[in-house]
Each structure stands twice: as C-alpha cells, then as structure tokens.
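S.K.: Heads up: the sequence shown begins at 1 in our numbering, then just goes up one per residue. From the three backbone atoms N, C-alpha and C, an ideal C-beta is built for every residue, glycine too. For clarity, every value in this text was computed on a predicted model and none was experimentally measured.
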Amino acid sequence: MTEQRTIEWHNERLGKVTASRIVDVMMKPTTAGYQNYHAQLVCERLTGEPTETFQSAAMLHGTETEPQARAMYELAMGVDVQEVGFIPHPTLSMSGASPDGLVGADALVEIKCPQPATHIKTLSGANIDRKYILQMHWQMICTGRTVCDFVSFSPALPPEMQLFVQAVPLDPELSEQITEAVTQFLAKVDETVVNLNREYKKEAA
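Right, dumping it as structure tokens:
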C-alpha cells in the first residue's frame, strides 16, 4: 500500500479524477470549479508532474488530527479500520479514490476534522455537505462498498461531544449520475490533451 499524501501517492493520482473533486466534476462546464479542475488534470497529464495544491491551516489541522479521530471511531464503533492508498476505479481508467479506511466487508469511513463551529452545526442536526456525499459515493463506487460512515471529530469539545458518526448508504441513482459525469469529464480532458498535443506538434514541425 502506498501511504496517502506521500510523493508516490501524488504520482499515482496524477491526471486522474479523484473523490475529493467529484463536486467540481458535477458542476456545469461553464463554472470556475469545473474549468479549473479540467485545466489541472490537463496540465498534470501534459507535464507528468503533480499540481502543487495549497494547504490551509484548517486542512493541516485536519491531517494532523485524523489519526486521533480514527482511533476514537474504532473505539466507539468497535471496529478496525484498514488504511489504504489510492484505489483505481474498476473500469474507468484515469480515475479512483483514496478512502480514509475500509471497515469490515462492506463499509468505508470518511473522517473530517473541522473547526469547532462546523462540528457544532453537525451535532445540532445540519445535513452533511453535498460535496462530502459526492466524495463518499465515488469512494463506494471505486471500492464496491455499500455504506460509508461519515465521521466528524473535534477535540475542542467535551469528550462526549467530540465524535459524530452517521452512516451514508449507497444511492444507486446518484451513483449513476456521478459515473456519467466522470465519464464525460474524462472525455473532455482526453480531448483537450489530444488537441493541444496535435496543435503544438504541428507547429514544432
């Protein structure tokens, strides 16, 4: 297994659609999110180099806090989490996912370590953000799992309020929509790469 966030892991994901960016893939082609992600994958494929991505203080906090959240989840749920690297989609090349862990035979876990304000909203009944629903669905699609536990963890709160877990079952209709969107998005990336290579090889000749 390639450990997540290593150079090798970044190279495995190079030029590929990944779970955390499904929200951009599902946007209209005229939106900035769609166009920027399209351009990112085109650049990665043309250069063979991973794109440098900004990591905010909040993102760094999440990365550093995730092991503690995973341990608390395992304890609270009585399960063992198997950490994994990048898992390719079984049939769609140039796409895949990196779940936070496999649980049992049929489940996944997706861990978020947000700022206290966001965690408090979750504890108070706020719906799971759509971008996370899409992310978890693509992870389930890539791994063949049927449910994903959404975990929100904040050590800033009292112990009994630090961990929130909600099971998100696979929605077949949403899965079809996501798969179709990824298929179309990859086709556009392929087309752009081919056209750019053709044009600039013609000029070089």
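Below 8 Å on the Cβ atoms is my contact criterion, and I expect Leu170 with His137 to pass it. Report the Cβ-Cβ distance as a whole number of Å.
M.R.: That belief holds up - the Cβ atoms of Leu170 and His137 are roughly 7 Å apart, short of 8 Å.
S.K.: On a Cα-Cα basis, can you pick out the residue from Pro155, Val23, Thr192 that is closest to Ala71?
M.R.: Per the Cα distances, Pro155.
S.K.: Please look up how many angstroms separate the CB atoms of Pro114 and Ser152, rounded, as I've assumed it's under 8 Å.
M.R.: Indeed, because the Cβ distance is near 6 Å, the residues count as touching under 8 Å.
S.K.: Nearest to Pro158 by alpha carbon, out of Arg198, Met140, Pro116?
M.R.: Of the listed residues, the one whose Cα sits closest to Pro158 is Pro116.
S.K.: Drop a sphere of 10 angstroms on the beta-carbon of Ala167, count the other beta-carbons inside from all chains shown, and report buried for 16 or more, exposed for fewer.
M.R.: Counting Cβ neighbours within 10 Å, Ala167 comes out exposed, since fewer than 16 surround it.
S.K.: Could you give the C-beta distance for Leu207 and Gln139, rounded to a whole number, given that I count them as a contact under 8 Å?
M.R.: Only positions 1 to 205 of the chain appear in the structure, and residue 207 is not among them; the question remains open.
S.K.: Can you tell me which residues form a DSSP beta bridge with Ala167?
M.R.: Per DSSP, Asp149.
S.K.: Would you report the Cα separation of Gly15 and Gln162, rounded to the nearest angstrom?
M.R.: When rounded, the distance between both Cα atoms is 36 Å.
S.K.: Tell me the rounded alpha-carbon separation between Val84 and Thr146.
M.R.: Their Cα atoms are separated by approximately 17 Å.
S.K.: Can you tell me where the alpha helix (DSSP H) with Leu46 in it begins and where it stops?
M.R.: Run containing Leu46: 32-47, per the alpha helix (DSSP H) assignment.
S.K.: From the DSSP output, in three-state form, read off Val194 for me.
M.R.: Helix.
S.K.: Give the straight-line distance between the Cα atoms of Leu186 and Val17, rounded to the nearest whole angstrom.
M.R.: In a straight line, the C-alpha of Leu186 is about 8 Å away from that of Val17.
S.K.: Taking three-plus beta-carbon pairs below 8 Å as touching, is the segment 27-34 in contact with the segment 92-112?
M.R.: Segments in contact, no.
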